[in-house]
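Numbering (full-length UniProt numbering), first residue to last: 1 to 755. What follows is a short report on a single structure.
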Amino acid sequence: MNERRQVEPSAGMGLGDVYFVLFRHKWKIIILAAAGLIAAAAFHLSQPPLYVSEAKLFIPYVLETRSASAIGGDSQIKPTDAGGHSIIDAEVEILGSLDLVEKVVDNVGAERILAKMGGGKDRAVAAAIVRGNLMVEAAAKASVIHIMFQHPDPEIVQPVLRELVSAYFKMHGEIHRSGGLSYDSLTQETDQLRSRLNDTEEALRKEKAKIGVISLGDAENSYAQQISKIQQDLLNAEAELEERQAALAALSQSSFLPVVETNKVREVKAAPPVPKEKAADYKRIWARLDALTKKESELMLQYTDENELLKEVRHQAAVVAKLKTDLEEQYPSLLTTPVISHEGAPKENNNNNLLLAAQSAQITALGAKIKVLNSQLERVKAEAASFADKEPAILELQRRKQLQETNYQYFATSLEKARINEQLGEGKLSNISQIQAPSPPVKDSAKSAKKVAMIGVSGIVAGLGWAFLMELFLDQSVKRPKDVEKRLKMRLFLSIPDANRKGFRNQARLNGSRRLLLNAGAENVLQTNGNGALEKAEPLDPAPWEPSHALHSYYEALRDRLVVHFEVINLTRTPKLVAVTSTGAGSGVSDIAAGLAACLSETGDGNVLLVDMNQEQGAAQQFFKGKPGCSLDEALDAETKSNTLVQENLYVVTEGVSNGKLPHILPKRFSNLVPKLKASDYDYIIFDMPPVNQTSVTPRLAGHMDIVLMVIEAEQTDREVVERANALLAESKAKVAAVLNKTRTYVPARLQPEL
1 MNERRQVEPS
11 AGMGLGDVYF
21 VLFRHKWKII
31 ILAAAGLIAA
41 AAFHLSQPPL
51 YVSEAKLFIP
61 YVLETRSASA
71 IGGDSQIKPT
81 DAGGHSIIDA
91 EVEILGSLDL
101 VEKVVDNVGA
111 ERILAKMGGG
121 KDRAVAAAIV
131 RGNLMVEAAA
141 KASVIHIMFQ
151 HPDPEIVQPV
161 LRELVSAYFK
171 MHGEIHRSGG
181 LSYDSLTQET
191 DQLRSRLNDT
201 EEALRKEKAK
211 IGVISLGDAE
221 NSYAQQISKI
231 QQDLLNAEAE
241 LEERQAALAA
251 LSQSSFLPVV
261 ETNKVREVKA
271 APPVPKEKAA
281 DYKRIWARLD
291 ALTKKESELM
301 LQYTDENELL
311 KEVRHQAAVV
321 AKLKTDLEEQ
331 YPSLLTTPVI
341 SHEGAPKENN
351 NNNLLLAAQS
361 AQITALGAKI
371 KVLNSQLERV
381 KAEAASFADK
391 EPAILELQRR
401 KQLQETNYQY
411 FATSLEKARI
421 NEQLGEGKLS
431 NISQIQAPSP
441 PVKDSAKSAK
451 KVAMIGVSGI
461 VAGLGWAFLM
471 ELFLDQSVKR
481 PKDVEKRLKM
491 RLFLSIPDAN
501 RKGFRNQARL
511 NGSRRLLLNA
521 GAENVLQTNG
531 NGALEKAEPL
541 DPAPWEPSHA
551 LHSYYEALRD
561 RLVVHFEVIN
571 LTRTPKLVAV
581 TSTGAGSGVS
591 DIAAGLAACL
601 SETGDGNVLL
611 VDMNQEQGAA
621 QQFFKGKPGC
631 SLDEALDAET
641 KSNTLVQENL
651 YVVTEGVSNG
661 KLPHILPKRF
671 SNLVPKLKAS
681 DYDYIIFDMP
691 PVNQTSVTPR
701 LAGHMDIVLM
711 VIEAEQTDRE
721 VVERANALLA
731 ESKAKVAAVL
741 NKTRTYVPAR
751 LQPEL
């Protein structure tokens, strides 16, 4: 897994970050600032001197007189103090309006205004110059307006400002005190409104007479009440009719009283004799049933079927009828026994007939009532519909009448006010006074100095803006150790400075294939010339493993950090596999790998093997001490191991094939070599790995390493590229630490001390 440090999130850009940006881009800032100062000096020398005249106006209030054609409202006094800033702003806009400026140009003359500004008689150009050199400002917390006009000609400044103030007075009166119509026109308009109002009233009267109403509201309420009352009566009559029809049906179907013929007794066959007590009970039951039937008939004339008392009587009658039926079933001879007197039957039949006749008469009456109510309802609805059709026209006439009355009343009261408004002529503005009349022209150096300062400062601002824009947004490369730890969240082993930047001797670099031509001493180095022939190479600077190398002390520091790291994680086995890689060519991986291997070999504890994994098709064949470079197999073979010795305890080999199949076959081959590597007598094996990318073999081999050193080239390697490379290595569970190479120090040590 990756070696990540737990770093607290940054609180933003600190003072050290500001120092870094300023000193890193100091030449950009200086050049842009110098350009701004040169431009400011050129502007100052090229511009003629300006003369200014100033005036001040005091506007405590604004008298707003509406036009006679505007309905509603009279003259209003609007204060311009703390609550009237918008009114003062409106006056400022009037003073700066193009219409006002054009009037000033017409009065002063375009030729005079343009005399010292290129000449000509163009009215539009003169108006643009006047408007551009005019400054109108409202005083804070005061009803005062400052007016200033600048011009190269001192003879023209004061007259232009004087004409401007005079023209403003006229325009102010035209805007705020416009009388609208004249007195005669106002009188004529009032007469016309009165005539139109009379016509509208007559038309409204005729429309109301047609439908026979005085008030629309009262008529609408009357129709609504009539329809509601008729509908309610109709509902009541229909309910009562249903009630009477139900009562008639009940009377017609009642069979509680048997009908007997006078002086006749039904003959039946002989039946068992009835005991006297049962015959007496049968007579009492008949009498009780007769009484309940009469009571039911009386109640039906008074109540509906839902009445509780009627329900109770019917229930009692049903119970008594059940007792009667039970006795008749027990003693059939009771059916032939005369139990009702001869006087009772005719009387009961007469009562029933009267009840039926009364119910029939009431049902007929209710039917006639319902018919009349329906007729009345249709007639009232028809009248209401006719009224609704004519109502919109009446409403339109009423609205027209109301509007005409309002207009007429306003115009009638405006006759006298129109005459007063005409008397408030131009120049009679009591609400505006001049605190200061247009002053004599004086040379204005403040505005010119302000423009010069703005131009000069703009260069500095542009330089600073460009520097911070580059640093914060455009340039996303890794620049400082702080970026590695706080932004990439990686463990930083060492920060190595740029030797060329600090004046060190030029480092030996790879040419074409990034392969460092190792030099073990003063012997000559041979290389191919591209045709397969060997030729003598140019002498190189000290190799990275030589003590005289400019960065030898940093390689020793990297060695110490690596040894301490293995001690901390308690890694005691040998050999220890260390891979050195980067995200792109030119990061200094080969130099760091060679220097680290040389420094590890100087400890004297054991042998160190440096394996160059960058051999590719077409790369130069390397020779060490006059011998061709050896392979990794030879370094692991005890018999050929001595051929790879470069210096004491330091062995150098190359691992590659000439057919360009390294990325495809090396992982399998390397897996086969792992047992040999672990069984070898080397203390450290340093692998100079190809850069990490999507097709590189490095991510697949990283999992076999004890640690992978990611070399990041300062100010060249993009942070996002490092993060993606780190993610690829994380997939193989590699332990990754960072080495920031070719760093540059911009900030002086007294401002920002560094380790």
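Just so you know, even glycine gets a beta-carbon here, dropped at the ideal spot from N, CA and C. Computed from a predicted model, the values in this text were never measured in an experiment.
Spatial neighbours of serine 732 in its own chain (CB-CB distance under 6 Å, excluding positions within 5 residues in sequence) are listed in chain order as Pro699, Ala702, Gly703. The beta-carbon separation of valine 736 and valine 708, rounded to 5 Å, stays under the 8 Å limit for a contact. Taking a 10 Å sphere around the C-beta of arginine 491, we find 16 or more other C-beta atoms and assign the residue as buried.
The way I'd put it, the region 30 to 44 doesn't touch the region 125 to 142; fewer than three beta-carbon pairs between them come closer than 8 Å.
The C-beta separation of aspartate 706 from lysine 576 comes to about 5 Å, placing the pair in contact by the 8 Å criterion. Fully contained in the region 124 to 204 are the following beta strand (DSSP E) runs of length 3 or more, in chain order: 134 to 138, 144 to 151. For tryptophan 286, the number of other beta carbons within 10 angstroms of its own is at least 16, and it is reported as buried. In the DSSP assignment, glutamate 713 falls within the unbroken beta strand (DSSP E) covering 707 to 713. Between threonine 743 and proline 497, the C-beta gap is smaller than 8 Å, which places the two residues in contact. Pro152 is the residue among Val136, Pro152, Phe411 whose C-alpha sits nearest the C-alpha of proline 49. For aspartate 612, the uninterrupted beta strand (DSSP E) segment begins and ends at 607 to 612. Residue pairing by DSSP places glutamate 296 opposite no residue, since no beta bridge is assigned to it. Unbroken beta strand (DSSP E) runs of no fewer than 3 residues, entirely contained in the region 8 to 52, are not found.
By alpha-carbon distance to serine 448, the top candidate from Arg400, Val21, Ala40 is Ala40.
Rounded to whole angstroms, the separation of the alpha carbons of serine 185 and serine 166 is 30 Å. DSSP places serine 458 in the helix class (H, G or I) of the three-state scheme.
When beta bridges are read from the DSSP output, phenylalanine 58 appears opposite Val144, Ser433.
Inter-residue distance for phenylalanine 468 and arginine 480 is about 16 Å (C-alpha atoms, whole angstroms). Out of Ser97, Leu558, Leu327, the CA that lies nearest to the CA of glutamate 277 is found in Leu327. In the three-state reduction of the DSSP assignment, serine 601 falls in the helix class, which pools H, G and I. Non-local beta-carbon contacts of glutamine 409 in its own chain, meaning distances under 7 Å to residues more than five positions away in sequence, are absent. Scanning Cys599, Ile455, Phe58 for the CA closest to the CA of alanine 140 turns up Phe58. According to the DSSP assignment, aspartate 560 belongs to the alpha helix (DSSP H) that extends over 552 to 568. Non-local beta-carbon contacts of methionine 689 in its own chain, meaning distances under 6 Å to residues more than five positions away in sequence, involve Ala579, Thr581, Met613, Thr698 in chain order.
Annotated three-state conformation of asparagine 307 is coil, per DSSP.
Going by beta carbons, leucine 193 and lysine 401 fall outside the 8 Å limit. Along the region 439 to 489, the alpha helix (DSSP H) occurs as fully enclosed runs of 4 or more residues at 446 to 469, listed in sequence order. DSSP places proline 497 in the strand class (E or B) of the three-state scheme. Straight-line measurement puts the Cα of glutamine 225 at about 11 Å from the Cα of lysine 381.
Leucine 558 places its beta carbon 8 Å or farther from that of leucine 474. When only Cα atoms are considered, valine 274 and glutamine 316 end up about 26 Å apart.
Here DSSP, grouped into helix, strand and coil, assigns serine 732 to coil. Isoleucine 145 sits buried, since 16 or more C-beta atoms from the chains shown fall within 10 Å of its C-beta. In the structure shown, tyrosine 746 adopts coil according to DSSP, grouped into three states. By alpha-carbon distance to aspartate 281, the top candidate from Leu301, Gln150, Ala321 is Ala321.
In terms of Cβ geometry, isoleucine 175 and isoleucine 94 form a close pair [threshold 8 Å].
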